[in-house]
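Going line by line, the protein sequences match chains D and S.
Under the numbering used here, think of the first position of the first sequence as 14, with each following residue one higher.
Under the numbering used here, think of the first position of the second sequence as 13, with each following residue one higher.
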Amino acid sequence: MLISSNSVDQQFATQAALASGLTLLVVTDPKEAAKLIEAETPRCILCDVSTHELYVALENALQETVGLFSDKLNSNSIHFIGDGDLGQASYLVQSPIFGNFMIRPEKSIDEAGQHYGRVLKGSLQDRAFGVRNFLKSNAKTQTIKLHITTQKQDAVEAVRSYLVAAKFNNRMAMVIANGVDEILMNAMFDAPTDELGKALYQHTARSASIKLEGKHAVEMEVGYDGQYVAVAAIDHFGSLDKSRLLSLISKVYRDSEYKVRNQGAGAGLGLASVFQSGGSLVFVSEARVRTEVILFFKRTDNYKEFKAQFKFIGTQLYF
Amino acid sequence: MLKVTKEDANGTVLFRLSGSIEENVNFEQQFGSITGEVCLNCKDIPRINSVGVKSWIKFFQAAQAKGLKLQFIECSTAIVEQINLISNFVCGGSVESIYAPYSCPSCKAEQVGLFMCENIKKLNFELPDLDCIKCGKKAVFDDIPEEYFSFLMR
Numbered sequence: 014m015l016i017s018s019n020s021v022d023q024q025f026a027t028q029a030a031l032a033s034g035l036t037l038l039v040v041t042d043p044k045e046a047a048k049l050i051e052a053e054t055p056r057c058i059l060c061d062v063s064t065h066e067l068y069v070a071l072e073n074a075l076q077e078t079v080g081l082f083s084d085k086l087n088s089n090s091i092h093f094i095g096d097g098d099l100g101q102a103s104y105l106v107q108s109p110i111f112g113n114f115m116i117r118p119e120k121s122i123d124e125a126g127q128h129y130g131r132v133l134k135g136s137l138q139d140r141a142f143g144v145r146n147f148l149k150s151n152a153k154t155q156t157i158k159l160h161i162t163t164q165k166q167d168a169v170e171a172v173r174s175y176l177v178a179a180k181f182n183n184r185m186a187m188v189i190a191n192g193v194d195e196i197l198m199n200a201m202f203d204a205p206t207d208e209l210g211k212a213l214y215q216h217t218a219r220s221a222s223i224k225l226e227g228k229h230a231v232e233m234e235v236g237y238d239g240q241y242v243a244v245a246a247i248d249h250f251g252s253l254d255k256s257r258l259l260s261l262i263s264k265v266y267r268d269s270e271y272k273v274r275n276q277g278a279g280a281g282l283g284l285a286s287v288f289q290s291g292g293s294l295v296f297v298s299e300a301r302v303r304t305e306v307i308l309f310f311k312r313t314d315n316y317k318e319f320k321a322q323f324k325f326i327g328t329q330l331y332f
Numbered sequence: 013m014l015k016v017t018k019e020d021a022n023g024t025v026l027f028r029l030s031g032s033i034e035e036n037v038n039f040e041q042q043f044g045s046i047t048g049e050v051c052l053n054c055k056d057i058p059r060i061n062s063v064g065v066k067s068w069i070k071f072f073q074a075a076q077a078k079g080l081k082l083q084f085i086e087c088s089t090a091i092v093e094q095i096n097l098i099s100n101f102v103c104g105g106s107v108e109s110i111y112a113p114y115s116c117p118s119c120k121a122e123q124v125g126l127f128m129c130e131n132i133k134k135l136n137f138e139l140p141d142l143d144c145i146k147c148g149k150k151a152v153f154d155d156i157p158e159e160y161f162s163f164l165m166r
């Protein structure tokens with residue numbers, strides 16, 4: 014279901030529906046949409062919430078008809094469409110139904126819709142683990158196990174070299190490698206928690222050498238379908254906290270000062286910088302079992318297009 | 013891994029930084045105690061991760077508090093991106109010159125061009141084309157001017 018009167022959204026959703034094999038239903042009135050959701054739960058809901066007013070109208074309609082915390086609303090299947098970075102839309106970050114967010118594409122709308130359609134299809138799996146779920150069927154994938162935290166830089170360099178060999182330009186490859194650095198570091202140092210959910214390495218220097226064995230094992234999966242590259246960092250803690258994640262990812266320090274935190278060894282900058290550099294992110298997590306953080310980047314002929322590519326953030330959480 | 017070399021350039025202390033800046037960086041050890049006016053050449057920094065950024069700001073902010081004046085020259089594209097993303101990345105210092113990314117629409121080759129920040133402003137952020145180092149045709153500025161030069165527009 015698409016809830017939008019925007020013609021770009023309709024073009025985008027048409028392609029997304031085709032690529033995902035879903036039937037598209039377009040509704041422009043949030044109240045009518047809420048009634049339809051109550052009558053028959055759609056598999057995915059894409060909604061234009063590019064202004065605070067549009068979001069409030071949707072939230073009110075859902076609250077009055079379905080109830081925001083109803084079983085009929087699963088945030089995994091709700092996809093917000095906005096116009097700018099998440100940092101400019103704090104009302105979305107605080108939304109109780111936030112699941113997925115995309116920035117409305119300005120160019121190559123059909124292609125963006127097809128790409129998102131594959132992401133939608135992947136997200137509809139019982140458990141959306143594995144980069145292959147989100148790429149074209151011809152994608153080649155490879156999984157690398159890291160045995161110790163100090164192997165991270167070698168893994169990052171391996172991805173960079175692979176991308177250069179796959180004809181990504183050097184600057185793109187470096188930006189993607191930096192993103193991989195951040196998600197691997199999170200998997201190694203931020204994901205591990207004790208039985209009560211307390212972070213184990215909050216105060217541990219990120220240069221520390223720690224064996225990645227048993228539950229602490231970290232894998233990296235790389236997939237490329239000739240157009241999109243996807244790299245996943247995989248941990249076995251399933252400790253993802255959505256509200257903290259959204260708070261970190263929406264942070265913008267362009268105008269306000271970044272203050273060095275003394276209470277933790279991490280910087281709190283990594284995920285936001287990945288999203289601001291052109292990458293898309295999908296977080297797939299099963300509580301206390303596994304988390305996969307997947308980075309997506311499209312290969313383009315030049316960096317200008319690379320930076321302006323269609324972007325999204327997705328969360329698929331299972332409890 | 014970052015390497016820092018110190019030079020004396022016409023009475024000014026010049027530090028040349030080369031290599032990636034990540035979690036293994038130890039600025040205190042590599043710079044020692046620095047005071048007065050120093051110039052940092054950032055030409056050969058291809059990458060900086062979030063922990064590197066945190067260490068950078070922590071070190072240079074502390075030095076700034078002790079009166080250190082920083083001048084950044086030949087900033088690589090990776091450093092320019094951080095200057096744009098984080099308002100206090102230069103810790104009160106001045107950015108004198110930066111590398112601008114170029115690509116050739118004909119042969120897709122990448123290259124960079126060095127520009128004084130003052131001149132970029134005079135050009136109204138519209139950089140001239142360069143000769144492609146590979147095929148000799150025109151290479152064009154390859155980024156979004158409003159984003160790449162945003163620190164100069166603040």
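Every residue, glycine too, gets a C-beta built ideally from N, C-alpha and C.
Between which residues of its own chain and Phe332 of chain D is the CB-CB distance below 6 Å, once the five residues before and five after are set aside? Position 319 of the first sequence, counted from the start, is the residue given in the question as residue 332 of chain D. Contacts found: Ala300.
Kindly give me the distance between the Cβ atoms of Met233 of chain D and Ala168 of chain D, rounded to whole angstroms, as I take these residues to be in contact under 8 Å. Mapped onto the first sequence, residue 233 of chain D falls at position 220. Mapped onto the first sequence, residue 168 of chain D falls at position 155. Yes, they are in contact, since the Cβ atoms of Met233 of chain D and Ala168 of chain D sit about 6 Å apart, within 8 Å.
Can you grab the Cα-Cα spacing for the pair Leu82 of chain S / Phe101 of chain S, in whole Å? Numbered from its first residue, the second sequence carries residue 82 of chain S at position 70. Numbered from its first residue, the second sequence carries residue 101 of chain S at position 89. If I take the Cα positions, the gap works out to 11 Å.
Could you tell me whether the Cβ atoms of Thr89 of chain S and Val50 of chain S are closer together than 8 Å? Counting from 1 along the second sequence, the entry for residue 89 of chain S is found at position 77. Counting from 1 along the second sequence, the entry for residue 50 of chain S is found at position 38. No, they are not a contact pair.
Pull up the distance between the alpha-carbon of Gln107 of chain D and that of His65 of chain D, whole angstroms please. For the purposes of this step, residue 107 of chain D is identified with residue 94 of the first sequence, where counting begins at 1. For the purposes of this step, residue 65 of chain D is identified with residue 52 of the first sequence, where counting begins at 1. Approximately 12 Å between the Cα atoms of the pair.
Helix, strand or coil for Ile157 of chain D? Go by DSSP, reduced to three states. As a first step, residue 157 of chain D must be located in the first sequence, where it is residue number 144. Looking at Ile157 of chain D - three-state DSSP - the assignment turns out to be strand.
In the DSSP assignment, the alpha helix (DSSP H) including Leu258 of chain D goes from what residue to what residue? Within the first sequence, the letter at position 245 stands for residue 258 of chain D. Run containing Leu258 of chain D: Lys255 to Ile262, per the alpha helix (DSSP H) assignment.
Shorter than 8 Å from the beta carbon of Ser106 of chain S to some beta carbon of chain D? The count along the second sequence starts at 1 and reaches residue 106 of chain S at position 94. Interface with chain D (8 Å Cβ-Cβ cutoff): Ser106 of chain S is excluded.
Residues near Ala46 of chain D in its chain [Cβ-Cβ closer than 6 Å; skip 5 each side]: Counting from 1 along the first sequence, the entry for residue 46 of chain D is found at position 33. Here Ala46 of chain D has Ile16 and Val40 as same chain residues with Cβ atoms under 6 Å from its own Cβ, once five neighbours each way along the sequence are excluded.
Which residue wins for smallest C-alpha separation from Gly239 of chain D, given the options D:Leu86, D:Leu258, D:Thr206 and D:Tyr175? The residue given as residue 239 of chain D occupies position 226 in the first sequence. For Gly239 of chain D, the nearest C-alpha among the options comes from D:Tyr175.
Of the choices D:Asp84, D:Ala52, D:Ser88 and D:Gly34, whose alpha-carbon is the least far from that of Ile58 of chain D? The residue you call residue 58 of chain D lines up with position 45 of the first sequence. Comparing Cα-Cα distances from Ile58 of chain D to each of D:Asp84, D:Ala52, D:Ser88 and D:Gly34, the minimum goes to D:Ser88.
Would you say the region 196-216 of chain D touches the region 124-137 of chain D, given that touching needs at least three Cβ pairs under 8 Å? no
Quick one: give me the first and last residue of the beta strand (DSSP E) that Ile354 of chain D is part of. A query on residue 354 of chain D cannot be resolved here, the shown segment of chain D reaching from 14 to 332 and no further.
Name the one or two DSSP bridge partners that Ala70 of chain D has. The residue given as residue 70 of chain D occupies position 57 in the first sequence. Ala70 of chain D is not bridged to any residue.
Check whether the region 191-199 of chain D touches the region 283-300 of chain D, taking contact to mean three or more Cβ pairs, one atom from each stretch, closer than 8 Å. yes
Can you list the residues of chain S that Gln166 of chain D reaches, using a CB-CB cut of under 9 Å? Translated into positions along the first sequence, residue 166 of chain D becomes position 153. Ordered by position in chain S, the residues that pass the 9 Å Cβ test against Gln166 of chain D are Met13, Ser32, Glu34, Glu35 and Asn36.
Could you check whether the region 81-99 of chain D touches the region 252-265 of chain D, counting it as contact only if at least three pairs of C-beta atoms, one from each stretch, sit closer than 8 Å? yes
How is the alpha helix (DSSP H) around Lys48 of chain D delimited, first residue to last? Within the first sequence, residue 48 of chain D is the residue found at index 35, counting from 1. Pro43 to Ala52 is the extent of the alpha helix (DSSP H) around Lys48 of chain D.
Return no unless some Cβ of chain D is closer than 8 Å to the Cβ of Asn22 of chain S. Position 10 of the second sequence holds residue 22 of chain S. Output row for Asn22 of chain S: interface = no.
At the 8 Å Cβ level, is Gly283 of chain D part of the contact set with chain S, yes or no? Residue numbering aside, residue 283 of chain D sits at position 270 when the first sequence is read from its first letter. At least one CB of chain S lies nearer than 8 Å to the CB of Gly283 of chain D.
Do Ile85 of chain S and Ile57 of chain S have their CB atoms nearer than 8 Å? Locating residue 85 of chain S in the second sequence gives position 73, counting from the first residue. Locating residue 57 of chain S in the second sequence gives position 45, counting from the first residue. No; because the gap between Cβ atoms is not below 8 Å, this pair is not in contact.
Taking Cβ positions only, does Asn100 of chain S come closer than 8 Å to chain D? Taking the second sequence and counting its residues from 1, one reaches residue 100 of chain S at position 88. So, interface residue.
Report yes or no: is there a C-beta of chain D within less than 8 Å of the C-beta of Asp143 of chain S? Looking up residue 143 of chain S in the second sequence gives position 131. The beta carbon of Asp143 of chain S does not come within 8 Å of any beta carbon belonging to chain D, so the residue lies off that interface.
Please go through the region 151-232 of chain D and give each complete beta strand (DSSP E) segment of 3 or more residues, from N-terminal end onward. 153-159
Among the candidates D:Phe181, D:His249, D:Leu31 and D:Ser103, whose CA atom is the shortest distance from the CA of Phe114 of chain D? As a working mapping, residue 114 of chain D is identified with position 101 in the first sequence. The shortest C-alpha separation from Phe114 of chain D is found at D:Ser103.
Is the beta carbon of Leu330 of chain D within less than 7 Å of some heavy atom of the ligand SAM? The ligand content of the structure shown is nil, which means the ligand SAM is not present either.
Between which two residues does the beta strand (DSSP E) carrying Lys18 of chain S extend? Mapped onto the second sequence, residue 18 of chain S falls at position 6. Unbroken beta strand (DSSP E) run through Lys18 of chain S: Lys15 to Ala21.
Using alpha carbons as the reference points, say which of S:Ile46, S:Ile95 and S:Val65 lies closest to Ala77 of chain S. Along the second sequence, one-based indexing puts residue 77 of chain S at 65. The candidate whose alpha carbon is nearest that of Ala77 of chain S is S:Ile46.
Tell me, please, whether the region 303-315 of chain D touches the region 24-33 of chain S by the rule of three or more beta-carbon pairs shorter than 8 Å. no
Could you please give the first and the last residue of the uninterrupted alpha helix (DSSP H) stretch that includes Asp248 of chain D? For the purposes of this step, residue 248 of chain D is taken as the residue at position 235 of the first sequence. Note, Asp248 of chain D: premise wrong, no alpha helix (DSSP H); beta strand (DSSP E) at Tyr241 to Asp248.
To the nearest angstrom, report how far apart Val107 of chain S and Cys129 of chain S are at their CA atoms. Within the second sequence, the letter at position 95 stands for residue 107 of chain S. Within the second sequence, the letter at position 117 stands for residue 129 of chain S. C-alpha separation (whole angstroms): 7 Å.
Establish whether the CB of Ser62 of chain S and some CB of chain D are separated by less than 8 Å. On the second sequence, position 50 is the one that residue 62 of chain S refers to. Output row for Ser62 of chain S: interface = yes.
Residues in its own chain within less than 7 Å of Ala75 of chain S by CB, not counting five upstream and five downstream? As a position in the second sequence, residue 75 of chain S is number 63, starting the count at 1. Closer than 7 Å at Cβ, skipping near neighbours: Ile46.
Using CA atoms only, rank isn't needed, just tell me which of D:Val235, D:Val273, D:Ser290 and D:Asp248 is closest to His229 of chain D. Looking up residue 229 of chain D in the first sequence gives position 216. It is D:Asp248.
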